[in-house]
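J.:
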Amino acid sequence: MKTRILMVCLGNICRSPLAEGILKSKVDPQKVFVDSAGTSNYHVDDCPDPRSISIAKEYDLDITSQRGRQFSVKDFDDFDRIYVMDMSNYHDVLKLARNEEDRKKVDLILNELFPGENVEVPDPYHGGADGFKKVYEMLNEACEVISKKYN
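Just so you know, we're using our numbering here: the sequence shown kicks off at 6 and counts up by one.
(1) How about the stretch 69 to 83 and the stretch 92 to 108: do they share at least three Cβ pairs that are nearer than 8 Å?
(2) Can you tell which of Ala42, Val39, Ser41 and Leu28 has its C-alpha closest to the C-alpha of Ala147?
(3) Could you say which of Tyr64, Ile58, Ala61 and Arg72 lies nearest to Val49 if we only look at CA atoms?
(4) Along the alpha helix (DSSP H) that carries Ile87, what are the first and last residues, could you check?
(5) Can you name the start and end residues of the beta strand (DSSP E) that Asp135 belongs to?
(6) What does DSSP give as the partner residue(s) for Ile10 in the beta ladder?
(7) For Val150, I'd like the list of residues in its chain whose CB is within less than 6 Å of its CB, leaving aside the five on either flank, ordered along the chain.
(8) Hey, could you find the ends of the alpha helix (DSSP H) Leu28 is sitting in?
(9) Hey, Met92 and Ser21 are a contact pair by Cβ (cut 8 Å); roughly how many whole angstroms apart?
(10) So for Leu113, helix, strand or coil by DSSP?
(11) So Tyr130 is in the alpha helix (DSSP H); what residue range does that whole segment cover?
(12) Considering only residues of the same chain and omitting the five flanking positions on each side of Asp107, which have a CB-CB separation below 7 Å?
See the structure below:
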């Protein structure tokens with residue numbers, strides 16, 4: 006049975022599409038399904054931010070086919086693990102949790118690198134390209150750890 010992993014940020018155009026693309030590049034698609042979503046509905050059906058596309062391309066990843074979608078309660082049924090980028094997303098996702106089983110699926114992605122420290126992936130949206138590079142590096146490290154758990 007495939008492990009199903011969801012990456013979540015605010016708009017689903019910057020951090021979570023990068024995390025989705027990075028993790029997909031590190032896992033066996035026969036064993037792991039990866040998707041992404043946003044807690045807001047600002048960018049439903051939008052392509053990832055051009056800066057996310059650009060930094061992904063620098064590392065030979067193509068995320069241009071991804072489209073933004075909003076996180077929903079159904080995602081608790083459809084996914085085994087839900088990785089969020091920051092505390093705001095964490096709280097927004099937990100507000101939709103129906104029970105303890107749902108809550109146990111949710112964690113900050115950087116807790117894979119810094120267990121229990123609740124380190125956040127900064128939102129690079131209002132910054133320059135350098136912020137996207139830093140976010141890529143953080144997510145790449147975390148996805149490396151995640152890939153070893155599920156491959």
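For every residue, glycine included, the Cβ atom is placed at its ideal position computed from N, Cα and C.
T.: So, from the listed chains and residues:
(1) yes
(2) Leu28
(3) Arg72
(4) Note, Ile87: premise wrong, no alpha helix (DSSP H); beta strand (DSSP E) at Arg86 to Val89.
(5) Per DSSP, Asp135 belongs to no beta strand (DSSP E); it is in the alpha helix (DSSP H), Ala134 to Tyr155.
(6) Val39 and Arg86
(7) Glu117
(8) Arg20 to Lys31
(9) Not confirmed; about 15 Å, so no contact.
(10) strand
(11) From DSSP, Tyr130 is part of no alpha helix (DSSP H); its letter is neither H nor E.
(12) Phe81
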